[in-house]
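I have placed the structure first, in the form of structure tokens, so that the comments after it can refer back to it.
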Amino acid sequence: MSKKVIPVIVCLVVLLGISSARTNAGQDTGNLVFNHNHTFTEVVAYLNDVVRDHSNIARLHVIGKSYLGNDLLVLEITNEKTGKGMDKPGFWFDGNLHASEVMGAEVCLHTIQTLINGYGVIPEITDLIDTRTIYIMPKLNPDGSDHYLTRPDSMRSSVRPHDQDGDGAKDEDPGEDLNGDGYITQMRVRDPEGRMRTDKKDPRLLVRKEDGEKGDWTVYSEGIDNDSDGRYNEDGVGGLDINRNWPSRWQQEWIQRGSGLYPLSEPETRAVAEFLFAHRNVTGIVNHHMSGNFLYRPPTNRRFDPISGEEIPLPPEDEAIFQQFGRKYTEIINNQPVRTVVGRGAPPRLGAIWGVMIGWGYEHYGVPSWVPEMGSLAPFCDADNDGRASQEEMMKWNDEELGGKIFIDWKPFDHPQLGKVEIGGFVNKIYNSSTKSYTNLMCFPGEIFNDFLEKHTWWNLYLVAQSPLIHIKDFAAESHGSGFYKLTLKVENRGFLPTNVTQQALLNETAQTVKAELTLDGLEIVMGKPMISLGHIPGGDIYTSEWMVKKTGRTPSVSVRVISQKGGTASHTLYLK
């Protein structure tokens with residue numbers, strides 16, 4: 007692969023603040039204000055406004071229906087005057103695959119806003135939209151997202167009823183807001199044998215007791231033991247994990263809890279897979295998640311040869327791509343690390359987690375795929391700069407800056423099963439009465455969160471700019487007398503990635519070679535063929551091909567069309583004398 011480096015656009019994104027710029031006079035799409043987590047209804051309204059006011063570069067696809075019947079929406083951004091979307095290198099972004107990981111939807115929305123407001127204003131973004139196609143799905147899981155944002159309980163993924171505790175019943179033991187304060191927090195019960203004790207510095211806080219200490223409390227999640235199994239809230243709404251439902255290394259429920267009946271059994275995963283297979287121009291996938299401030303990359307499991315059974319590494323060319331793009335993430339986003347998820351879980355031969363989207367995106371679909379695990383509370387309240395938010399730091403933030411919004415003081419409650427309890431503790435989301443929805447604490451509005459959105463948008467646009475990009479550098483005819491001409495075609499890959507994108511795609515035998523096709527008028531080919539394969543072109547490289555043709559008409563002309571599944575399409579016409 008060529009070492010050519012494509013200039014990165016994104017310093018302009020941050021420095022010029024284009025998320026608040028206007029694209030063209032008369033276009034009145036309201037700029038989203040990132041002061042709360044947007045519900046699916048708000049997202050649908052915004053996407054429709056974008057398409058209405060920016061129909062020159064935006065169109066909306068309904069790619070299927072969710073489990074509850076919501077439209078699964080993908081926004082396509084490209085300038086079709088410079089070519090059809092499918093004839094350009096594409097890139098895929100999504101958010102909110104996991105219900106409570108709502109930050110991903112906000113990054114997708116911020117990326118959309120940056121693109122549409124930058125078009126015609128920032129040359130680099132204008133060039134991206136003219137030469138590439140960006141597919142963005144802010145709410146891959148609209149059902150789960152809205153459940154999390156509009157109800158006090160939490161959930162991980164799909165709302166489809168699921169037996170999380172293995173007792174044969176589905177969703178039979180959810181959390182309950184017993185005291186009616188709009189939150190599901192914790193219940194503490196006096197217990198000298200309990201694992202928790204009162205913090206000596208702040209009696210509102212609970213800490214785990216040390217060896218030899220007496221306990222003060224046993225702690226439960228707020229709710230009732232509905233199925234009388236001695237556990238609380240262990241089988242809430244849903245539980246099937248649509249990030250364990252992808253075909254690559256999928257495993258049954260006894261190995262991977264929440265994987266579903268079979269790969270792509272869920273309408274959301276199937277719709278996305280079918281869309282991507284119908285849009286083979288996509289050169290990369292970013293599946294935004296929300297946990298811990300780091301970047302996941304493949305492999306998501308240890309890799310074994312299906313015939314020999316021997317463990318195999320990633321191809322070195324692909325490893326180099328993951329390392330280079332990962333270093334850019336670390337550089338842009340606060341030195342956050344890049345990780346694989348190999349090495350945890352049992353049995354070890356099967357790896358760590360199974361059936362995940364980015365594993366499928368790389369191993370089956372054949373493109374670099376990523377999970378930014380975005381967000382932690384540390385940037386908001388990490389006073390000692392140790393990279394984490396302690397209870398004490400969170401309480402100081404609560405008391406001094408938030409007016410007590412993120413901690414519910416302990417209050418007595420008569421529990422029907424436990425007797426005298428106290429209900430309270432930290433919350434992970436705040437209810438906003440004006441929007442009638444919750445906002446996750448890691449999306450707390452202000453300078454820190456805005457910086458976070460801008461930097462992740464920066465990295466997203468960097469990735470788009472690295473795709474292969476086919477360009478006809480030269481197409482010329484040289485007369486050899488007696489009506490004979492030599493045609494010379496020079497095709498350049500102006501992108502960073504090769505036109506096959508990954509070696510994995512070659513191993514899968516899914517990477518189509520670049521083709522060049524001639525259309526002649528008043529000419530006939532005497533050497534060569536009307537359509538030839540140019541093979542795969544590394545980033546920054548040039549491929550040269552030649553033909554001999556003979557004049558048969560008065561005003562001869564020849565057109566060439568160069569077609570690359572991942573690198574786009576280019577054409578040029580010559581008129582010969």
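If you're matching positions, the sequence shown starts at 7 in the numbering used here and goes up one per residue.
Glycine residues also receive a C-beta, built at the ideal position from the N, C-alpha and C atoms.
Distance CB(residue i)-CB(residue j) smaller than 8 Å
| i | j | result |
| --- | --- | --- |
| PRO144 | VAL49 | yes |
| THR441 | HIS104 | no |
| SER72 | LEU78 | yes |
| TYR507 | PRO474 | Looking at the sequence itself, residue 507 is Val, so the reference to Tyr does not match. Against a cut-off of 8 Å, the Cβ pair of PRO474 and VAL507 comes out as a contact. |
| GLY172 | ASN251 | no |
| VAL108 | ASN446 | yes |
| LEU540 | THR516 | no |
| ASP136 | THR88 | yes |
| GLY5 | ASN299 | Here the chain comprises residues numbered 7 to 583, so residue 5 is not present and cannot be evaluated. |
| ASP187 | LYS176 | no |
| LEU383 | MET448 | yes |
| PRO562 | LEU524 | no |
| PHE97 | TYR125 | no |
| LEU184 | GLU228 | yes |
Alpha helix (DSSP H) segment containing residue i, residue limits
| i | result |
| --- | --- |
| VAL50 | 46-59 |
| MET109 | 109-124 |
| ARG194 | Run containing ARG194: none in the alpha helix (DSSP H); it sits in the beta strand (DSSP E), 192-196. |
| PHE283 | 273-284 |
| TYR189 | It is not in any alpha helix (DSSP H) - TYR189 carries neither H nor E in the DSSP assignment. |
| ALA175 | Neither: ALA175 is in no alpha helix (DSSP H) and is coded neither H nor E. |
| ALA395 | It is not in any alpha helix (DSSP H) - ALA395 carries neither H nor E in the DSSP assignment. |
With 16 other Cβ atoms within 10 Å as the buried cut-off, status of residue i
| i | result |
| --- | --- |
| VAL568 | buried |
| PHE283 | exposed |
| LEU467 | buried |
| ILE476 | buried |
| ALA277 | buried |
| ALA389 | exposed |
| LYS572 | buried |
| LEU439 | At residue 439 the sequence reads Ser, which differs from the Leu that was named. The residue is exposed, with fewer than 16 neighbouring Cβ atoms inside 10 Å. |
| TYR268 | exposed |
| GLU219 | exposed |
| ASN37 | exposed |
| THR550 | exposed |
| LYS426 | exposed |
| TYR3 | Summary: the structure shown does not reach residue 3, with the chain confined to residues 7 through 583, and so no result is reported for it. |
| GLY559 | exposed |
| GLY501 | buried |
Secondary structure of residue i, DSSP reduced to three states
| i | result |
| --- | --- |
| LYS402 | helix |
| LEU580 | strand |
| THR525 | strand |
| GLN472 | coil |
| ALA389 | coil |
| LYS417 | strand |
| TYR324 | The residue asked about is misnamed: residue 324 is Asp in this sequence, not Tyr. Three-state result, ASP324: helix. |
| ARG448 | As written in the sequence, residue 448 is Met, which differs from the Arg given in the question. Of the three classes helix, strand and coil, the one that applies to MET448 here is helix, per DSSP. |
| LYS461 | helix |
| PRO148 | helix |
| PRO533 | Sequence check: residue 533 is Met here, not Pro. It is a strand residue. |
| HIS153 | helix |
| MET554 | strand |
| ALA31 | Because ALA31 carries a pLDDT of 32, less than 50, the predicted location of this residue cannot be relied on, and the following value inherits that uncertainty. Coil, per DSSP. |
| ARG345 | strand |
| ASP159 | coil |
| ARG567 | strand |
| ASP133 | helix |
| TYR335 | helix |
| PHE40 | coil |
| THR88 | helix |
Start-to-end residues for the beta strand (DSSP E) that takes in residue i
| i | result |
| --- | --- |
| LEU212 | 212-214 |
| GLY425 | 425-432 |
| ALA64 | 64-71 |
| GLU493 | Here residue 493 is Leu; the residue named in the question, Glu, does not match the sequence. Segment 490-499, the beta strand (DSSP E) holding LEU493. |
| MET202 | 202-204 |
| ILE83 | 77-83 |
| LEU301 | 300-302 |
Residues bridged to residue i [DSSP beta-bridge criterion]
| i | result |
| --- | --- |
| PHE97 | ILE140 |
| HIS295 | GLU379 |
| ASN438 | SER443 |
| ILE538 | ALA522 |
| HIS486 | Note: HIS486 sits in no beta bridge, so no partner. |
| HIS477 | GLU498 |
| TRP223 | ARG196, MET202 |
| ILE548 | GLU498 |
| GLN245 | Just to set this straight, residue 245 is Gly in the shown sequence, not Gln. In DSSP, GLY245 forms a bridge with PRO167. |
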